[in-house]
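Student:
2 protein chains.
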Amino acid sequence: MALEHAILVSLLERPGSGYELARRFDRSIGRFWTATHQQIYRVLRRMEADGWVRAEEVAQDGRPDKKVYSAAQPGRDALAAWLREPVEPETVRHELAVRIRAAAFDDPAALIPEVERHREGHAALLARYLLGERRDFPDAGTPGTLDAGQRLQHVVLRGGIEYERMTIAWLDDVLATLRELAEGR
Amino acid sequence: MALEHAILVSLLERPGSGYELARRFDRSIGRFWTATHQQIYRVLRRMEADGWVRAEEVAQDGRPDKKVYSAAQPGRDALAAWLREPVEPETVRHELAVRIRAAAFDDPAALIPEVERHREGHAALLARYLLGERRDFPDAGTPGTLDAGQRLQHVVLRGGIEYERMTIAWLDDVLATLRELAEGR
DNA sequence: CTTGCCTATGCAATTCGTTGCATAGCAGGA
DNA sequence: TCCTGCTATGCAACGAATTGCATAGGCAAG
Numbered sequence: 001m002a003l004e005h006a007i008l009v010s011l012l013e014r015p016g017s018g019y020e021l022a023r024r025f026d027r028s029i030g031r032f033w034t035a036t037h038q039q040i041y042r043v044l045r046r047m048e049a050d051g052w053v054r055a056e057e058v059a060q061d062g063r064p065d066k067k068v069y070s071a072a073q074p075g076r077d078a079l080a081a082w083l084r085e086p087v088e089p090e091t092v093r094h095e096l097a098v099r100i101r102a103a104a105f106d107d108p109a110a111l112i113p114e115v116e117r118h119r120e121g122h123a124a125l126l127a128r129y130l131l132g133e134r135r136d137f138p139d140a141g142t143p144g145t146l147d148a149g150q151r152l153q154h155v156v157l158r159g160g161i162e163y164e165r166m167t168i169a170w171l172d173d174v175l176a177t178l179r180e181l182a183e184g185r
Numbered sequence: 186m187a188l189e190h191a192i193l194v195s196l197l198e199r200p201g202s203g204y205e206l207a208r209r210f211d212r213s214i215g216r217f218w219t220a221t222h223q224q225i226y227r228v229l230r231r232m233e234a235d236g237w238v239r240a241e242e243v244a245q246d247g248r249p250d251k252k253v254y255s256a257a258q259p260g261r262d263a264l265a266a267w268l269r270e271p272v273e274p275e276t277v278r279h280e281l282a283v284r285i286r287a288a289a290f291d292d293p294a295a296l297i298p299e300v301e302r303h304r305e306g307h308a309a310l311l312a313r314y315l316l317g318e319r320r321d322f323p324d325a326g327t328p329g330t331l332d333a334g335q336r337l338q339h340v341v342l343r344g345g346i347e348y349e350r351m352t353i354a355w356l357d358d359v360l361a362t363l364r365e366l367a368e369g370r
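In order, the protein sequences belong to chains P and E.
Per my numbering, the first sequence starts with residue 1, numbered consecutively.
Per my numbering, the second sequence starts with residue 186, numbered consecutively.
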């Protein structure tokens, strides 16, 4: 279970309230770790009880109060210890692959619109990634212009870009196969 | 929740007991949908109650009896209906990416052995995929030699192969970055 | 003026997933 | 001989995740 650690990383990069964290998880962090606001609130309370994070009540006018969390030293220590633990095998949940194999027992053509929708989603995400890369890392080729945090964020982003490119190419392969099967009879 | 559907696909491809299904999930199917034997037994009982699968008690000598399940018509219908539903957004859990960003707040070099271990695991998996491809689809280039089920299994396998290739290349990128950061100070 | 959305947090209920343990006979190696 | 591991199923307990709902004021569009 690494939600605690994902939250810690996010809070180290910038402090924020539970609500703000939930929105970050909907965007950037959520690309490699998803979480709902319920999970985040629950874990934040536990982390505060364990001393991993500190909370500061902030009154706002016209808005409900918010609790701004920031990472505390015990949290940093826990993160460092976690980094030295072995990575547990990831649980995979690739629904589309299940569906593609399921299509053999039904009409393969029925899957085509869904795969097309999927492909569009990945293409849009790739475009967003490339935009973000040009914005945040315009001169990544020049050595010495980026600090460690930025270089690590960039290498994770490059992974996302390559993943999307690969996925789009594969979905084209899937679509070609499905269309051939649909025409074949 | 698509465990029911993954089990249905597996049973349509070949009937089997809960235990056999658990072992399939450890291997082929488990590459895109993981499940423990406890989950499988629980879901199988529910599916039997719903009429999605039929069970047949098989006595064995020297072994405990086993219940061999096979997909029933209501299960096929449910699968066909599921194929027409929109794909729900997948929940991503990419622990390594979280760790890489976490490394910015600790010693990046501490992550190198774990990433190397990860890379070896993916390289081994790629080798297994390629072996399986040569064994199961030796003349995929010749049209007309494969039926729909085989062609769909093959396109899923090609996805796995491309995913592993991409991941290995990315992990090399990650390792190069981590090593530069470790040498840089 | 009202409908809906955004910020901000939380309770409650349910389902899902994991872990530990139990049974029980058989096969193979130390 | 003892120990480990495989087949085959299952109970019990716990923890994690999801879903629905609630509060509550503000802001903007129709």
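Glycine included, C-beta positions come from ideal geometry on N, C-alpha and C.
Can you check whether the CB of E275 of chain E is closer than 8 Å to the CB of A2 of chain P?
Tutor: Against a cut-off of 8 Å, the Cβ pair of E275 of chain E and A2 of chain P comes out as no contact.
Student: Taking CB distances under 8 Å as the criterion, tell me whether F105 of chain P reaches chain E.
Tutor: Closer than 8 Å: yes.
Student: Under 7 Å, CB to CB, which of the residues in the segment 209-230 of chain E have a partner in chain P?
Tutor: Correct list: R216, F217, W218 and T219.
Student: Under a three-way DSSP split, which group does R228 of chain E fall into?
Tutor: Looking at the sequence provided, one finds Val at residue 228 of chain E rather than Arg. Three-state DSSP puts V228 of chain E in a helix.
Student: In this structure, how does DSSP classify P325 of chain E when only helix, strand and coil are distinguished?
Tutor: Checking the sequence, you will find Ala at residue 325 of chain E rather than Pro. In the structure shown, A325 of chain E sits in coil (DSSP, three-state: anything other than H, G, I, E or B).
Student: I'd like to check one pair, L193 of chain E with G236 of chain E: are the Cβ atoms closer than 8 Å?
Tutor: No, Cβ-Cβ distance for G236 of chain E and L193 of chain E is not below 8 Å.
Student: R343 of chain E touches chain P at which residues, Cβ-Cβ below 8 Å?
Tutor: Those are W170 and D173, listed as they occur along chain P.
Student: Write down the C-beta distance between V174 of chain P and V340 of chain E rounded to the nearest angstrom, noting that I regard them as a contact closer than 8 Å.
Tutor: With a Cβ gap of about 5 Å, V174 of chain P and V340 of chain E count as contacting.
Student: Is there a Cβ of chain P sitting closer than 8 Å to that of T276 of chain E, yes or no?
Tutor: Chain P contact via Cβ: present.
Student: Taking C-beta pairs closer than 7 Å, name the residues in chain E that G149 of chain P reaches, listed in chain order.
Tutor: Those within 7 Å of G149 of chain P in chain E are A289.
Student: Anything in chain E within Cβ reach of G142 of chain P, meaning under 7 Å, just list it in chain order.
Tutor: In the sequence under discussion, the amino acid at residue 142 of chain P is Thr, which differs from the Gly named in the question. Going along chain E, no residue has its Cβ under 7 Å from T142 of chain P, so there is no contact; the nearest lies around 14 Å.
Student: Since I297 of chain E meets chain P, which of its residues come closer than 9 Å, beta carbon to beta carbon?
Tutor: Result: empty, since nearest Cβ-Cβ is about 11 Å, beyond 9 Å.
Student: Can you grab the Cα-Cα spacing for the pair V272 of chain E / G121 of chain P, in whole Å?
Tutor: C-alpha separation (whole angstroms): 12 Å.
Student: State the DSSP-derived secondary structure class of A220 of chain E, mapped to helix, strand or coil.
Tutor: A220 of chain E falls in the coil class under three-state DSSP.
Student: Is F322 of chain E near the ligand SAM, judged by its Cβ being under 7 Å from some heavy atom?
Tutor: Among the components modelled here there is no ligand, and therefore nothing to report on the ligand SAM.
Student: Mind pulling the chain E residues with CB within less than 7 Å of V9 of chain P?
Tutor: The answer, in chain order, is V283, R286 and A287.
Student: Can you list, in chain order, the residues of its chain whose CB lies under 6 Å from that of L181 of chain P, leaving out five sequence neighbours each side?
Tutor: Here the set comprises P108.
Student: May I ask which residues mark the beginning and end of the beta strand (DSSP E) holding E56 of chain P?
Tutor: Segment V53 to V58, the beta strand (DSSP E) holding E56 of chain P.
Student: Going along chain P in order, which residues have a C-beta closer than 7 Å to the C-beta of A263 of chain E?
Tutor: Under the 7 Å cutoff, chain P gives no residues; its nearest Cβ is about 11 Å from A263 of chain E.
Student: Report the residue from P:G16, P:A124 and P:E133 whose alpha carbon sits nearest the alpha carbon of V53 of chain P.
Tutor: Closest by alpha carbon: P:G16.
Student: Helix, strand or coil for G184 of chain P, going by three-state DSSP, please let me know.
Tutor: In the structure shown, G184 of chain P sits in coil (DSSP, three-state: anything other than H, G, I, E or B).
Student: Going by C-alpha distance, which of P:G184, P:G160, P:L171 and P:M166 is nearest S28 of chain P?
Tutor: The shortest Cα separation from S28 of chain P among P:G184, P:G160, P:L171 and P:M166 belongs to P:G160.
Student: I want to verify the contact list: residues of chain P whose CB lies under 7 Å from the CB of M351 of chain E, in sequence order.
Tutor: Here the neighbours are E162, Y163 and M166.
Student: Give the single residue among P:Q150, P:A123, P:P143 and P:G144 whose Cα lies nearest to the Cα of R135 of chain P.
Tutor: For the residues P:Q150, P:A123, P:P143 and P:G144, the minimum Cα distance to R135 of chain P belongs to P:Q150.
Student: Establish whether the CB of A312 of chain E and some CB of chain P are separated by less than 8 Å.
Tutor: With 8 Å as the cut-off, A312 of chain E does not count as an interface residue toward chain P.
Student: Cα separation between A266 of chain E and R31 of chain P?
Tutor: If I take the Cα positions, the gap works out to 29 Å.
Student: If you measure between the beta carbons of M166 of chain P and E347 of chain E, is that distance less than 8 Å?
Tutor: In contact: M166 of chain P and E347 of chain E (Cβ atoms closer than 8 Å).
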